[in-house]
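Written out below as structure tokens is the structure these notes cover.
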Amino acid sequence: MSMKQIALYGKGGIGKSTTSANLSAALSGMGLDILQIGCDPKRDSTRMLMHGTFIPTVMDLVRERGDAGLSLKDIEFRGYNGVRCVEAGGPEPGVGCAGRGIIATFQMLEKFGALKGDVILYDVLGDVVCGGFAMPMREGYAQEIYLVTSGELMSLYAANNICKAIKRLASRVKSKCSLAGVICNGRGQQKEEELVAEFARRVNSRLVAFIPRDRVVQLAELNRKTVIEYEPASGQAERYRTLATRVMENTSKTIPTPLEIDELETLAYAYI
Amino acid sequence: MNLKPLPTHISRSGGCTLTGALSVTTQVRDAASIIHGPKGCAHHNFSLFHATLIDNDQAVIPDLVSSALDESDIVFGGEDALARSIRSVCGRDVPAVFVLSTCIAATIGDDVEAVCGRDWPVPVIPIPTAGFLGGTFQDGVNNALIALADLAEHSQTSPRVNIIGEKNLEYEVEENYAEIARLLTLLGIPVGIRFVHGLSLDDIPALGAAQLNILRDPSLVPVGEHLRKRFGTPFIPSFPTGLSDTLAFMNSVAGACRVDAKRALGTEQALQAEILADFSDIGAAQGVFCGPVMDPEISRAAQEAADALHIRVSGNKEARQLPVHPVVGTSGVRRMLHRWRRAIHA
Numbered sequence: 002m003s004m005k006q007i008a009l010y011g012k013g014g015i016g017k018s019t020t021s022a023n024l025s026a027a028l029s030g031m032g033l034d035i036l037q038i039g040c041d042p043k044r045d046s047t048r049m050l051m052h053g054t055f056i057p058t059v060m061d062l063v064r065e066r067g068d069a070g071l072s073l074k075d076i077e078f079r080g081y082n083g084v085r086c087v088e089a090g091g092p093e094p095g096v097g098c099a100g101r102g103i104i105a106t107f108q109m110l111e112k113f114g115a116l117k118g119d120v121i122l123y124d125v126l127g128d129v130v131c132g133g134f135a136m137p138m139r140e141g142y143a144q145e146i147y148l149v150t151s152g153e154l155m156s157l158y159a160a161n162n163i164c165k166a167i168k169r170l171a172s173r174v175k176s177k178c179s180l181a182g183v184i185c186n187g188r189g190q191q192k193e194e195e196l197v198a199e200f201a202r203r204v205n206s207r208l209v210a211f212i213p214r215d216r217v218v219q220l221a222e223l224n225r226k227t228v229i230e231y232e233p234a235s236g237q238a239e240r241y242r243t244l245a246t247r248v249m250e251n252t253s254k255t256i257p258t259p260l261e262i263d264e265l266e267t268l269a270y271a272y273i
Numbered sequence: 047m048n049l050k051p052l053p054t055h056i057s058r059s060g061g062c063t064l065t066g067a068l069s070v071t072t073q074v075r076d077a078a079s080i081i082h083g084p085k086g087c088a089h090h091n092f093s094l095f096h097a098t099l100i101d102n103d104q105a106v107i108p109d110l111v112s113s114a115l116d117e118s119d120i121v122f123g124g125e126d127a128l129a130r131s132i133r134s135v136c137g138r139d140v141p142a143v144f145v146l147s148t149c150i151a152a153t154i155g156d157d158v159e160a161v162c163g164r165d166w167p168v169p170v171i172p173i174p175t176a177g178f179l180g181g182t183f184q185d186g187v188n189n190a191l192i193a194l195a196d197l198a199e200h201s202q203t204s205p206r207v208n209i210i211g212e213k214n215l216e217y218e219v220e221e222n223y224a225e226i227a228r229l230l231t232l233l234g235i236p237v238g239i240r241f242v243h244g245l246s247l248d249d250i251p252a253l254g255a256a257q258l259n260i261l262r263d264p265s266l267v268p269v270g271e272h273l274r275k276r277f278g279t280p281f282i283p284s285f286p287t288g289l290s291d292t293l294a295f296m297n298s299v300a301g302a303c304r305v306d307a308k309r310a311l312g313t314e315q316a317l318q319a320e321i322l323a324d325f326s327d328i329g330a331a332q333g334v335f336c337g338p339v340m341d342p343e344i345s346r347a348a349q350e351a352a353d354a355l356h357i358r359v360s361g362n363k364e365a366r367q368l369p370v371h372p373v374v375g376t377s378g379v380r381r382m383l384h385r386w387r388r389a390i391h392a
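As they're listed, the protein sequences go chains Y and F. The first sequence runs 2 to 273 under this note's numbering. The second sequence runs 47 to 392 under this note's numbering.
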């Protein structure tokens, strides 16, 4: 089996890290070797896989020790069920250049030979604000992009913007990145699944999974665990396992067709 | 937001804002200049200034320090690296430190002014020099001169005349200064400071005391205006180009300084006539102007000299090539005529 390299993008606070950690946990349950890379200076992508620990970030280690003294074991940590966890990290809010931090981290990971296994999952911060945050989509790093969104307009708006970035990057000669699907992380809106499914169709993709809002997600987080680990028999855990299976079976790769803002608003109105 | 310049606007006369500012700050001989950016930004400027100074017979090592930003500084912000550099330079015996920003430091939003505004033992003066914001070499020069002007206080006017914004990287910088000093001496007006050429920090307060400022060329008008507002000093916007312009320049200076120019003008006219007589051997020749800069003022000055000697200037590329360079004052014209003579008799 060839290595799958996927990235989850979506609006800040929409549940990318929760979805990523549960997806990684579910994939590891299929006997796969998983690497999850948190690409956000907040550095909390892998925290539930690490039972609440904030692991040292690549950028912090580079700053403290320089890159010459670092090796893979300093930056990669094994979490739940052997999932390998890396956090890119970045500057304090309001200074420096976080995008450049992502680029530097990827170069470091490549140098250390960390980019291997059955699945690499990049969990990328909310908006693709600059070239640095588009890095996971470039140079063949993440080849399958999943959008995480709820049915809220602002979340769809962010997802639509990311479609623009994918479309732009996919048009480059050596590009290997494409849109693999949309994951709806429900907020409990009416007809939310239908709305997001329709959005996915309009941007030339499809809804891969609908994850409804469930109290067990909060409970698991308060217990510093993924749902897969905390309540494996729950319906929610089953939904993450279903997502994992669909991701592994998914062969759909498209170049998205982003919507105009008024199209997006009309769409959201139709389902309210 | 600065719009992308059209390709036609890209010319070597645009240049780098940082280099322009450094061409000023490195002339304050006892102060240090910190370039807040990757070390390469300091290296190529150091090489340029060192080579230019050697060309002008000055074995001076410019005091340039780099904050030497690396990738980690870019990711996490470069303000700490700048503070370290300032601290290190302040530990030496310097009376002031200039801090010049670079493209990358401005891109990541380092607050250079805030770091310079901390409690340092000597004045630490920030000069905005990020070139990608659309500024040119000349903007760097102007920004640096205006920043340095703030070190001077308003003081009682002396009869002196300051020279503002000499082109420190031009080969003829000393000759051109000497020509202006000669004309001023002829008028009986004492020369004040060369702002900024070969100064020490202690010289700068005299900036505000002059009765007149003479700018090197009109691109310095924003500096002239700044000094006029700050110290009330009037200015003349340019060194003179060509023979008649030199006489007009003497008249303007005399008017601004309220001296009688009559005798000095007579002396200068006699000198100009003598020079033209010296070059009568190239009169009636034919030639075509050539040169790197075809500024209308310079062309006018060249045409005037050619007419005075009855040299026929044609568009014929086969004709003798008469090199035209920026000429300052009567002496500048004489140097140009020497070049023409070599070309015509070649």
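Where a beta carbon is used, it is the ideal one built from N, C-alpha and C, also for glycine.
Between the CA atoms of residue j and residue i - distance to the nearest angstrom
{"i": "residue 347 of chain F", "j": "residue 334 of chain F", "result": "14 Å"}
{"i": "residue 317 of chain F", "j": "residue 343 of chain F", "result": "22 Å"}
{"i": "residue 155 of chain Y", "j": "residue 14 of chain Y", "result": "11 Å"}
{"i": "residue 20 of chain Y", "j": "residue 237 of chain Y", "result": "11 Å"}
{"i": "residue 84 of chain Y", "j": "residue 168 of chain Y", "result": "31 Å"}
{"i": "residue 375 of chain F", "j": "residue 184 of chain F", "result": "22 Å"}
{"i": "residue 259 of chain F", "j": "residue 69 of chain Y", "result": "56 Å"}
{"i": "residue 140 of chain Y", "j": "residue 6 of chain Y", "result": "12 Å"}
{"i": "residue 74 of chain Y", "j": "residue 186 of chain Y", "result": "33 Å"}
{"i": "residue 225 of chain Y", "j": "residue 179 of chain F", "result": "47 Å"}
{"i": "residue 304 of chain F", "j": "residue 236 of chain F", "result": "13 Å"}
{"i": "residue 265 of chain Y", "j": "residue 220 of chain Y", "result": "34 Å"}
{"i": "residue 240 of chain Y", "j": "residue 143 of chain Y", "result": "24 Å"}
{"i": "residue 249 of chain F", "j": "residue 148 of chain F", "result": "28 Å"}
{"i": "residue 60 of chain Y", "j": "residue 27 of chain Y", "result": "28 Å"}
{"i": "residue 106 of chain Y", "j": "residue 89 of chain Y", "result": "6 Å"}
{"i": "residue 76 of chain Y", "j": "residue 109 of chain Y", "result": "10 Å"}
{"i": "residue 245 of chain F", "j": "residue 252 of chain F", "result": "11 Å"}
{"i": "residue 276 of chain F", "j": "residue 202 of chain F", "result": "13 Å"}
{"i": "residue 164 of chain Y", "j": "residue 192 of chain Y", "result": "23 Å"}
{"i": "residue 234 of chain F", "j": "residue 221 of chain F", "result": "20 Å"}
{"i": "residue 155 of chain F", "j": "residue 46 of chain Y", "result": "27 Å"}
{"i": "residue 157 of chain Y", "j": "residue 134 of chain Y", "result": "19 Å"}
{"i": "residue 281 of chain F", "j": "residue 67 of chain Y", "result": "54 Å"}
Coil, strand or helix - residue i by DSSP
{"i": "residue 270 of chain F", "result": "helix"}
{"i": "residue 367 of chain F", "result": "strand"}
{"i": "residue 133 of chain Y", "result": "helix"}
{"i": "residue 142 of chain Y", "result": "coil"}
{"i": "residue 278 of chain F", "result": "coil"}
{"i": "residue 312 of chain Y", "result": "Lying outside 2 to 273, the shown extent of chain Y, residue 312 of chain Y is not represented and no answer is given."}
{"i": "residue 150 of chain F", "result": "helix"}
{"i": "residue 173 of chain Y", "result": "coil"}
{"i": "residue 116 of chain Y", "result": "coil"}
{"i": "residue 226 of chain Y", "result": "coil"}
{"i": "residue 7 of chain Y", "result": "strand"}
{"i": "residue 36 of chain Y", "result": "strand"}
{"i": "residue 389 of chain F", "result": "helix"}
{"i": "residue 277 of chain Y", "result": "Nothing about residue 277 of chain Y can be reported from this structure: the residues present for chain Y run from 2 to 273 only."}
{"i": "residue 215 of chain Y", "result": "coil"}
{"i": "residue 81 of chain Y", "result": "helix"}
{"i": "residue 164 of chain F", "result": "coil"}
{"i": "residue 274 of chain Y", "result": "With chain Y covering 2 to 273 only, the question about residue 274 of chain Y has no answer from this structure."}
{"i": "residue 210 of chain Y", "result": "strand"}
{"i": "residue 144 of chain F", "result": "strand"}
Cross-chain neighbours of residue i in chain F, by beta carbon under 9 Å
{"i": "residue 63 of chain Y", "result": "117, 118 and 121"}
{"i": "residue 51 of chain Y", "result": "Simply none; closest approach about 23 Å."}
{"i": "residue 60 of chain Y", "result": "118, 121 and 122"}
Within chain Y, the residues that residue i reaches when beta carbons sit closer than 8 Å
{"i": "residue 260 of chain F", "result": "Going along chain Y, no residue has its Cβ under 8 Å from residue 260 of chain F, so there is no contact; the nearest lies around 45 Å."}
Chain Y residues whose Cβ lies nearer than 7 Å to that of residue i
{"i": "residue 154 of chain F", "result": "97 and 98"}
- Message: As an exercise, report each continuous alpha helix (DSSP H) stretch of at least 4 residues that is fully enclosed by the segment 173-238 of chain F, in chain order.
- Response: Complete alpha helix (DSSP H) runs here, min 4: 183-195 and 219-232.
- Task: Pull out every residue of the segment 66-92 of chain Y whose Cβ sits closer than 7 Å to any Cβ of chain F, in chain order.
- Result: Residues are counted here when their Cβ sits less than 7 Å from a Cβ of chain F; for the segment 66-92 of chain Y these are 91 and 92, given in chain order.
- Members of the segment 125-141 of chain Y that neighbour chain F once the beta carbon cut-off is set at 8 Å: The residues in question: there are none.
- Item | Members of the segment 91-108 of chain Y that neighbour chain F once the beta carbon cut-off is set at 8 Å | Taking a C-beta cut-off of 8 Å against chain F, the contacting residues of the segment 91-108 of chain Y are 91, 92, 93, 96, 97, 98, 99, 101, 102 and 105, listed in chain order.
- Message: Suppose only complete runs of 4+ residues qualify. What are the alpha helix (DSSP H) ranges in the segment 177-203 of chain Y, listed by chain order?
- Response: You should have 193-203.
- Task: Would you mind listing the alpha helix (DSSP H) stretches within the segment 55-139 of chain F that are 4+ residues and don't spill past its ends, in chain order?
- Result: Annotation: the segment 55-139 of chain F contains the following complete segments of the alpha helix (DSSP H) (minimum length 4 residues), in chain order: 63-71, 85-101, 117-122 and 125-136.
- May I have a chain-ordered list of the beta strand (DSSP E) segments no shorter than 3 residues that lie completely inside the segment 279-361 of chain F? Along the segment 279-361 of chain F, the beta strand (DSSP E) occurs as fully enclosed runs of 3 or more residues at 332-336, listed in sequence order.
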